[in-house]
Every structure is written in structure tokens, then in C-alpha cells.
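What follows is a single structure, written as C-alpha cells, with notes after it.
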Amino acid sequence: MTIPPAPAPSPTSVLASPTPVTPASGDRGDRLRQLVGSPRLAFVIRRLARAVVSLVIVLIASFFLVHLVPGDPVRAALGPTVSPEAVEALRRELGLDLPLGQQFLDYLRGLVTGDLGVSVTSQRPVGATLAERLPTTLLLAVVSFVVAALGAFPIGVATAVSSRSGRHRAADLGVSGLLGVLIAVPNFLLAVLLISVFSVGLQAFPPAGWGQPSQVVLPVIALAIGPLAYLSRIVHVEMLRVLEEPYLTTARSKRLPGRILYVRHALPNIVAATLTAGGVVLVGLVAGTVLIETVFVIPGIGSTIVSSITAKDYPLIQGVVLVYAILVLAANLLIDLALAALDPRSAIAEA
Amino acid sequence: MSSRFVRTLRTPAGITVIAGVVIVLLATVFGPVLFGEAASARDIAGRQQGASLEHPFGTDELGRDLLARVIVATRISVLLTLGATGISVVGGVIVGIVAAVLPSFARRLVNALIDILLSFPWLLLALFFSVIWGTTATGAMLAVGFAGIPVFGRLVSTLASSVAGSDFVHAARILGSSPLRTAVRHVVPNILPPLLVNTASHASVTLLSFAALSFLGLGVQAPEYDWGRLLNEGARRIYVDPMAAIGPGIAIVLTGVVFSLLGALFSEKRSGRTLRALPRRSRAETRAIFTVPDTAPVVEAVDLRVSFRAEDGGVVERVHGVSLSVAPGEIVGIVGESGSGKSVTAMAIAGLLGPDSLVESDTLVFRGIDMTREPTSVEKRRLALEQAMIFQDPLSSLNPSLTVGRQLREVSEIHGRTGRAAALARAVEALTLVRIPDAARRLGQLPHEFSGGMRQRAMIAMGLMGSPRLIIADEPTTALDVTVQRQVLRALRDAQRSTGAAILLISHDIALVSGFCDRVIVMRHGRVVEELAADRLDEARHPYTRGLIACVPDMGTDRDEPLPVIDAGEPVPEQKEIVA
Numbered sequence: 001m002t003i004p005p006a007p008a009p010s011p012t013s014v015l016a017s018p019t020p021v022t023p024a025s026g027d028r029g030d031r032l033r034q035l036v037g038s039p040r041l042a043f044v045i046r047r048l049a050r051a052v053v054s055l056v057i058v059l060i061a062s063f064f065l066v067h068l069v070p071g072d073p074v075r076a077a078l079g080p081t082v083s084p085e086a087v088e089a090l091r092r093e094l095g096l097d098l099p100l101g102q103q104f105l106d107y108l109r110g111l112v113t114g115d116l117g118v119s120v121t122s123q124r125p126v127g128a129t130l131a132e133r134l135p136t137t138l139l140l141a142v143v144s145f146v147v148a149a150l151g152a153f154p155i156g157v158a159t160a161v162s163s164r165s166g167r168h169r170a171a172d173l174g175v176s177g178l179l180g181v182l183i184a185v186p187n188f189l190l191a192v193l194l195i196s197v198f199s200v201g202l203q204a205f206p207p208a209g210w211g212q213p214s215q216v217v218l219p220v221i222a223l224a225i226g227p228l229a230y231l232s233r234i235v236h237v238e239m240l241r242v243l244e245e246p247y248l249t250t251a252r253s254k255r256l257p258g259r260i261l262y263v264r265h266a267l268p269n270i271v272a273a274t275l276t277a278g279g280v281v282l283v284g285l286v287a288g289t290v291l292i293e294t295v296f297v298i299p300g301i302g303s304t305i306v307s308s309i310t311a312k313d314y315p316l317i318q319g320v321v322l323v324y325a326i327l328v329l330a331a332n333l334l335i336d337l338a339l340a341a342l343d344p345r346s347a348i349a350e351a
Numbered sequence: 001m002s003s004r005f006v007r008t009l010r011t012p013a014g015i016t017v018i019a020g021v022v023i024v025l026l027a028t029v030f031g032p033v034l035f036g037e038a039a040s041a042r043d044i045a046g047r048q049q050g051a052s053l054e055h056p057f058g059t060d061e062l063g064r065d066l067l068a069r070v071i072v073a074t075r076i077s078v079l080l081t082l083g084a085t086g087i088s089v090v091g092g093v094i095v096g097i098v099a100a101v102l103p104s105f106a107r108r109l110v111n112a113l114i115d116i117l118l119s120f121p122w123l124l125l126a127l128f129f130s131v132i133w134g135t136t137a138t139g140a141m142l143a144v145g146f147a148g149i150p151v152f153g154r155l156v157s158t159l160a161s162s163v164a165g166s167d168f169v170h171a172a173r174i175l176g177s178s179p180l181r182t183a184v185r186h187v188v189p190n191i192l193p194p195l196l197v198n199t200a201s202h203a204s205v206t207l208l209s210f211a212a213l214s215f216l217g218l219g220v221q222a223p224e225y226d227w228g229r230l231l232n233e234g235a236r237r238i239y240v241d242p243m244a245a246i247g248p249g250i251a252i253v254l255t256g257v258v259f260s261l262l263g264a265l266f267s268e269k270r271s272g273r274t275l276r277a278l279p280r281r282s283r284a285e286t287r288a289i290f291t292v293p294d295t296a297p298v299v300e301a302v303d304l305r306v307s308f309r310a311e312d313g314g315v316v317e318r319v320h321g322v323s324l325s326v327a328p329g330e331i332v333g334i335v336g337e338s339g340s341g342k343s344v345t346a347m348a349i350a351g352l353l354g355p356d357s358l359v360e361s362d363t364l365v366f367r368g369i370d371m372t373r374e375p376t377s378v379e380k381r382r383l384a385l386e387q388a389m390i391f392q393d394p395l396s397s398l399n400p401s402l403t404v405g406r407q408l409r410e411v412s413e414i415h416g417r418t419g420r421a422a423a424l425a426r427a428v429e430a431l432t433l434v435r436i437p438d439a440a441r442r443l444g445q446l447p448h449e450f451s452g453g454m455r456q457r458a459m460i461a462m463g464l465m466g467s468p469r470l471i472i473a474d475e476p477t478t479a480l481d482v483t484v485q486r487q488v489l490r491a492l493r494d495a496q497r498s499t500g501a502a503i504l505l506i507s508h509d510i511a512l513v514s515g516f517c518d519r520v521i522v523m524r525h526g527r528v529v530e531e532l533a534a535d536r537l538d539e540a541r542h543p544y545t546r547g548l549i550a551c552v553p554d555m556g557t558d559r560d561e562p563l564p565v566i567d568a569g570e571p572v573p574e575q576k577e578i579v580a
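Here it is as C-alpha cells:
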């Protein structure tokens, strides 16, 4: 429902294009599998096709964003006090006076040449603003994801093993409760709490800004801790499932040391499920940068999107929305490719 | 269902959640009436105060009491949350039902679109929509609501298509019910319970989303205020008064938790608890290793009792005092119907029952190793080398992520202290012995590249990597077809001949056991009912054993007569409840 009816070519017609469309239910998937010979390759092809279709939808959605605003977006952007001439001038500058088809073609041409228009408020090219701010956001998201992923495995495995043995009931309950709380507290709230404790209270870390390593700590913690707790839960649940599998009983019958039992026999079997959940986390992290950058006043594209929406700076909004959407698609695709590479059976027999 | 519902409400968790819901409701209904005045009373002299007894959350820049403002903001926060959740649910149900009744091609397209939308996080969708509908409370409600539609669309279409495949829907369709009528009359009532559970959990997500949008300044605008806006204002003066930000934060988190617990409460199952841990043996207790004479029984069990934690939390005994022994090289079969305790007995002998079980016995010894205690490292090594296990399901008893070779070599490498090359040579030998051709290549493959019978034979080969004294085979052929069964039994027999190991074969098939074993133990309801040599089965005295034998048809069976059935009338011995 990204694209409500209006003049947009309906998403159905996009999907009806000859590209093999996901989800391949039954016969379709099998046919593709037979055609390319390997289930792994078929999976990758299907996921690539999905990414392409998604990208097309994203392009259309970001283009029509301005047209979907009720009333006159240009008047709304400039406010009621500006003269009709100025409104007309801006309308012409944004190309909104041209026929719709022409506008779309211009938009696509602009994308190809890297021209995303000019910001209404700052009068700077949108492309330049994005190029300047994107690395910050990427760094924040990637570092947080790495922290979350690296922390989640040991925590999830340890809690699962401990809760299965039932020797440390109280500690298990405590850790599981703590993880539950960490999942429930939204990241922007956590960010505020961290600032009040570590910046205002202990004065250990600066409360805002970007550039020095000490300024990275709090934003990364705020952004990573929720996903870390969530991923730990997933690893925990998956480990508990795998620990009850008959092949683990087989491994136990060989009286293998715990390290080999958990790392060699159990871990590889939770990779697929954990990666899938990791995809959700990664995508959530990308979106979470919007809030975290705003709280910590970090000059990334996340804080840009908020200020541009408030200012109704449509060219900038379009640019940021597009970049965020592409980041999400890229994260999803990355996870899919990792799945294809790591899943031992390449049994990506999709439901 | 309703009695379970009431019982769930009476648990401590249930009472907490209900109390939370009541508090939120009271604050929503009466908050603005009772605290409206305090929330808007300006006190310029007492502005920007920190937390105090009089103002627990402090005051804002106009001297208004922040606690009162947080309480008053409950109404707008909760109403906007409910509004947005309502939009998500109604939109999702429409999309989902439409997707479910569409012809298959269109359905696939709608599902693909939902898939794509689901890959975007709600915040991005909400931001997208808030560009369209503007940064107002209504705009944010529409934005958050629309952003949730794909979630419910997917949920409903999944639920609906599972219901749509059921018999009563087919029946309604055959009776001429139109697709829409079928959907409304037959499908919707059946997906309602899971939908309600998810709505409650989603309300929690919506509440947080709203708070986030307002916090960003894209939701409720001054002079109106919700929790997100209060948090936004509080965060700006966090240096002066942290409670100004923490106060609304607490309200957001607690309400969110109440909503999500409400959802979790009715979908949760009570988890099983572990019974107790095996007593760990102190170092001083470790006995000297002694050599076991080759004539002594491999397994000796006297009065073996095994209990499990039951669903309702009580303890149920499944094996009631079983005594048995297995001589070196002997092939013993345990027969019985499912639930007779034969597998549990075998797993207790192997020391492989999970922590939710309690094993008690006068004696439970495998070649001098007390199996009721945690084995020492020396004992572990001997168990690894001298015991071999084969389970019922060949599809899941080999690790799907490790090559067959890796799984075979492991025991030799870790416990046999064999080098990699020697272990590999041994593995090839073992696979060849169980008649798997092209062993060297096969070792490099993953289990899913093996057929079921081959996997079972690979399991046997795995047991041959040590110096097995006992092979425990728990229904090794039940999941296989008849011709494959024979190959597996032959491999088992070859293994026994080449190593001299004893075999404990568990099966429900008395014909198979009597043909393969030296001695047969018949179990029922957790007890041994009869024990006799395999070639003297016709002398069985116990009616159950005779019943089992009579059930096996042979060439002389009169095919006009119905096959005999075991009389189920014999009372089940009551399961002993033990206080843990």
C-alpha cells in the first residue's frame, strides 16, 4: 500500500513484468530451479529479482511522494505569506509545471546522472548533502550491527545452555527479564537515559556531536542494545530448539566436550534462522539511525530527514527517502546472499 | 477456552496485566478531568523546577506540573494509539481477506507486494506517510496506522489461507456460498483469536511508534501534548531535570509493556521445568579405573525408575522399576507398544535423558560405570568409545550442517586420540563395513545427500569408530521401508559380528525382534511383563505377549478372519505422583 491509487501506474503492472516474481510458490520455484539447475542459484536469482522489483516500486513511490501531498505542496512549503509569483517560480524550478510523464523521465534522468535536485531551504544540491552525510549514518549503523551481532551469540548460547541445564534458575530468570526490558525500551528513550546517566550524571561521555571516538560510544550503545537483546533472544530460542534435536543427542552420546557440542554441532544449525532475524534487526537499525541521530545531534541523513520533513523541503525529502529505501533493500539483499552462502543444505526451500 | 482464559487471568502475571490495563484505562478516562487543572496551571515563579515531593517530575518552563501533564497526556496517547492500531487492523483484514479470496495469480501479486512492504521498517513507512499527511496528530495517526497495514495483511492472509484450506470452508463453497460470504461467515470467526492476540502486541508497537514520531516533532504539535512530545520537551532540559524526560519515558515503557504482555498472556504456554541436575561427583569421589571382566554383564539395571515433569508441573513416573541385564555379545530386544517405556529405559541406560528427567535405581551400571551420576572425564571417554547409539529418525539423528566424515571421525579424534588421517582411514573402513559403496567420496558429503537407509547405516558406522561393547538401537528401522530395513539390520548384524558388541534393540515389532535377537523383553506401561528366549516365544505365558504374537500374520493365517486385536481393557497402572 505504499502507493495509493492516484495517477501512479499501479504496482500490479510493475509486478506483472516478465521478471520472475517472488514468492515463488510451488510450481514456479520448481520451474526456475530446474532451469538453472541449482536451488542455491535459483534462490539468489529470485532474491535479486525481488530486489529489482522493490527498487522500481521505491523509485515510483519516491517520485510520486510530492504529488500525493494533498493540496499544493509548493504553497505548503513556502507558507501562506509568500507571493503567488514566488510560488510559481519555485513550481517551475522544481519542474512541477511539466506534464507528469515528462517529470518522471526528468527524475529518472537526474537519478542516473546523480542530480537529485536542489534543496529548497539550503539551496544546495541534494546529492552533495547526501554524499556528505551518508557515511556517518552508515558507520553508525554498521558499528551498531556488529556490536549487536557479536554480543548476541555468546549471550544467547550461554543463556540457552544454562536454562536447559536448570542449575541457575534465578540467574536465568534475571537475565531473561533484563533482555525483555532491553527489548521493550525504545532506542530514543534509552538514548535520553544514557545521556542523563553518562553525560549529565557521570560526565563520562559527551552528550552530543560526532567526530571523536568518545562521541560514538553512547549512540552505538543506544542503537545496538535493543537489537542485541532481541538477537540474543532469537539465538537463545533457536539454541533451545537445536539442543533438543536428535542429532544433538547423537553428539552427546559421543560425550563431546561442551565447546565442540555447542560451537561445532549446535551453532551452524541456528545460523539460517538467526541470519533471517538478523536481517530484520539490520533493517531496524538503519531506520533507528533517524531517532538516534536526532537525539545525539549527529550530522547523518537521519537527522536530515526529520528537519526536511518539518521544513517541507520536498527535493531533500525525496532524496533521503530514496537513500533510506535503498539502504533497506541493500541490507535485505546482503542478508539473503549471506543465507545462500552459509545455509549448509542450501535448503532455502521457501514457504 | 474460557475456563483457561479465567485461569490465565488468575496467575500473578495475569493479575499484574489486568491491574496495568485498569490503571491505563482510568488515566485515559479520568486523567484530564482530575488533573487537567494542575496540568495547565502556570506558576512562573516555580518554573523549571527539578524533581521534588510536590512535583515528582518537576515543572516545565511555564511552571506546570509535569506529573499532571504526563497523566493528562495518557488520553491523547492511548486514543491515538488505538486509532492507529484500528487503521492497521481494519486495513490489514481487508487486504488479507481480499488476498485470500482472489484467484491464485492475483493473490500471489498481493502477497509479493506485502512481502516487499514488510521489508521496510515501520519508521520509514511512517515517515513516508507523514510527508503526505503532514506533521499533525491526525497525520501521524494515519501514518503509523498505514505503516502497520502490511503486518496485519500478512498475518490475516496467512491465517485465512490456512483456514480456507480446511474442510468446512470447502463444504460451504460446495453448498454455493459466495467467496465474500464464505470469508465473512466462515473465515473471519476462525482467525479472530490469533488476530486479537496480535492486535494487543501491535498496540504496544504502535504506542512506541507514536511516541517516536511525536518525539521527532512530527506527531502531536503544541499546545497539544502526548507522551512523545513531553519526552521531546523534557530531553531538551535534561541537564536541569532528568525526571522531565524520564517521567514520560516511564509512562511510555510501562504502557507499552502492559499492551504487549496482554498479547503475550493469552498466547503463552507454560514452559517445562527441569527436574534436577545430576549430582556432580567431587574429585575425591572419583573411583579408580578398574578393568571390567569380559564375562560380566555389559548392562546391569536393577529397579530402574524414570520420572518426568508433567504438563501441569507435577512429576510422573514413566518407568516403574525395570530390571534387566545384557551379557557381552548378546542381542536383546525390548518390545512394547508406544508409551511402554522401552525407549526411556534405553536412554536411561545410555545416560542420555535430558535434564527434565529423574533417573533412580538400585543399580544402573554400564561396564562398571554408574549411569545415574555425572560421568568423570575418564568415564566419558570410555562411554564415547564403548557405547553406540542408533535412533529412530535417520533424517534428524545426523547433524545436517556437518559432513558425514566429520561426524564419523569425531569420536576417534577426540576420545580415541587418533590423528586425522588414521581417523579418516578408519571411517572409510567403517562405511565399507556397513556396505556403503564409494566410502571415501561419501565421507565428504552432507547427510542430506544420503538416503534414509544409508544414513542409518552411517549411524551404525559411527558407532564402529570406537570399540563398541553395546549398540543401542532405538527403533532403527521404523522410519524405513521393508527392503531398506533388511539392509540396516544386516549392517547391524555385521557390526555385531565384527566387534563382538552386545545389541539392545528397541522395537514395537515382535516379529522383527524375535527374528533378530537372542532374548526378548516385553514391556508394557513402564514394567517388564515377560522375558524369554527368542526361539521360545511360543511358550509365552503372559496374555499380552501372546496377544502381540497372535497379531503377527504368517502364511498360515486365515485371511477370512479379522486379525486379532490386543485387548485394551487391561487397566493402566495408575501413574505414581511424586512430590518433587
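Chains as they are written, first to last, in full-length UniProt numbering: chain F, 1 to 351; chain Z, 1 to 580.
Even glycine gets a Cβ: it sits at the ideal position worked out from N, Cα and C.
A quick note: this is a predicted structure, and the numbers were derived from the prediction, not measured.
Contacts of F/ALA89 in chain Z (Cβ-Cβ under 8 Å): Near F/ALA89 there are no residues of chain Z at all, since even the closest Cβ is about 23 Å away, more than 8 Å.
So the candidates are Z/GLY256, Z/PHE516, Z/VAL72; which of them puts its Cα closest to the Cα of Z/SER40? Z/VAL72
When we look at the beta-carbon of F/VAL220 and count the other beta-carbons within 10 Å, is it buried (16 or more) or exposed? buried
According to DSSP, which residues form a beta bridge with Z/THR59? Z/ASP65
Measure the C-alpha to C-alpha separation of Z/VAL89 and Z/ARG10 and round it to an integer number of angstroms. 29 Å
Excluding five sequence neighbours on each side, which residues of the same chain lie with their C-beta closer than 8 Å to the C-beta of Z/ARG455? PRO394, LEU395, SER397, LEU398, PRO447
Give me, in chain order, the residues of the same chain whose beta-carbon lies closer than 6 Å to that of Z/PHE35; leave out the 5 immediate sequence neighbours on both sides. ALA68, ILE71, VAL72
What do you get for F/PRO70, buried or exposed, if any count of 16 or more other CB atoms within 10 angstroms of its CB means buried? exposed
Exposed or buried, what is Z/ARG318 when buried is set at 16 or more other beta-carbons lying within 10 Å of its beta-carbon? buried
Measuring only between beta-carbons, confirm whether F/ILE221 sits less than 9 Å from chain Z. no
Please check if any C-beta of chain Z sits within less than 9 Å of the C-beta of F/SER165. yes
Which residues in chain Z sit within 7 Å of F/PRO246, going by Cβ to Cβ distance? PHE391, ASP393, SER396, SER397
Once the 5 residues before and after Z/ARG490 are set aside, which same chain residues still bring their CB inside 8 Å of it? ARG435
Just the chain F side, please: which residues come within less than 8 Å of Z/THR135 by C-beta, in chain order? ILE309, THR310
Please say whether Z/GLU337 and Z/HIS508 have beta carbons closer to each other than 9 Å? yes
Under 7 Å between beta-carbons, which chain F residues line up against Z/TYR239? List them in chain order, please. VAL200
How long is the line joining the alpha carbons of F/ASN187 and Z/GLY256, rounded to whole angstroms? 14 Å
If you drop the 5 nearest sequence neighbours on each side, which residues of the same chain put their C-beta closer than 8 Å to that of Z/ALA346? ILE334, ILE472, ASP474, LEU504, ILE506
Chain-ordered neighbours of F/GLY284 on chain Z, where CB pairs are closer than 7 Å: PRO121
Beta carbon of Z/GLN407 nearer than 9 Å to that of Z/LEU470: no
Cβ-Cβ distance between F/GLY278 and F/THR289 below 9 Å: no
Just the chain F side, please: which residues come within less than 7 Å of Z/GLY256 by C-beta, in chain order? ALA184
Contacts that Z/GLN387 makes with chain F (C-beta to C-beta distance below 7 Å): SER253
Any idea if Z/PHE105 is buried or exposed, counting beta-carbon neighbours within 10 angstroms, 16 or more meaning buried? exposed
Okay, do the region 189 to 200 of chain Z and the region 156 to 166 of chain Z touch, 3+ Cβ pairs below 8 Å being the bar? yes
Own chain residues within Cβ distance below 7 Å of residue 593 of chain Z, not counting five before or after: With chain Z covering only 1 through 580, there is no way to say anything about residue 593 of chain Z.
Counting only the same chain and skipping the five closest in sequence on each side, list residues whose C-beta sits under 7 Å from that of F/ASP97. ARG91
Please report the straight-line C-alpha distance between F/ALA222 and Z/PHE391, rounded to a whole angstrom. 47 Å
Name the chain Z residues that come within less than 8 Å of F/LEU275, Cβ to Cβ? Within chain Z, no residue comes near F/LEU275; the closest Cβ sits about 13 Å away, beyond 8 Å.
Are the C-beta atoms of Z/ARG276 and some chain F residue less than 9 Å apart? Per-residue confidence for Z/ARG276 stands at a pLDDT of 47, beneath the threshold of 50, marking its modelled position as unreliable; the derived number appears in the next sentence. Chain F contact via Cβ: present.
Residue closest to F/ILE195, alpha-carbon to alpha-carbon, out of F/ALA341, F/THR81, F/GLN215, F/ALA184: F/GLN215
Say whether chain Z places a C-beta atom closer than 9 Å to the C-beta of F/VAL21. Low confidence applies here, because F/VAL21 scores a pLDDT of 36, under 50, leaving its location unreliable and the question unanswered by this model.
Minimum C-alpha distance to Z/ALA212 - residue among Z/PRO328, Z/ALA137, Z/MET459, Z/LEU25: Z/ALA137
If I measure Cβ to Cβ from F/LEU291 and keep anything under 7 Å in the same chain, skipping five residues before and after, which residues do I get? ASN187, PHE188
Does the Cβ of F/GLN203 have 16 or more other Cβ atoms within 10 Å, making it buried, or fewer, making it exposed? exposed
Whole angstroms are fine: how far does the CA of Z/ILE369 sit from the CA of Z/PRO12? 45 Å
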